[in-house]
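See structure below.
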Amino acid sequence: MDDIDLVEINEAFASVVLAWEKELHPDMSKVNVNGGAIALGHPLGASGARLMTTLLNELERTGGRYGLQTMCEGGGMANATIIERL
716 MDDIDLVEIN
726 EAFASVVLAW
736 EKELHPDMSK
746 VNVNGGAIAL
756 GHPLGASGAR
766 LMTTLLNELE
776 RTGGRYGLQT
786 MCEGGGMANA
796 TIIERL
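Heads up: the sequence shown begins at 716 in this note's numbering, then just goes up one per residue.
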């Protein structure tokens, strides 16, 4: 987690971020820096695109290199994607 510059985590339910933080102990100042799904919205069928667009734009704006996008999919499952800004 130390190599990750920014994290976008889909937290339509606040408990998702709390459980993730408890397990991985990330630097929370790097997480959802512009607000998350509770603040920005959780568009059905477009959450991944919203998360990735936010992550890409913020990496570009800050000059960050690595970004992590993660989102729950229901039923206790989730996925994660790490991107590198070149």
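Don't be surprised by glycine CBs; every beta carbon is placed ideally from N, CA and C.
Note that the structure is predicted; figures quoted are calculated from it, not measured.
Spanning the alpha carbons of G756 and Q784 requires a straight line of approximately 16 Å. Looking at the backbone, the Cα of L721 and that of A761 are separated by about 20 Å. Rounded to the nearest whole angstrom, the C-alpha separation of Y781 and E723 is 11 Å.
For V722, there is no enclosing alpha helix (DSSP H); the residue is found in the beta strand (DSSP E) stretching over L721 to I724. By the CB criterion at 7 Å, M716 and L733 fall outside the cutoff. Secondary structure note for L783: its beta strand (DSSP E) is the uninterrupted segment Y781 to G789.
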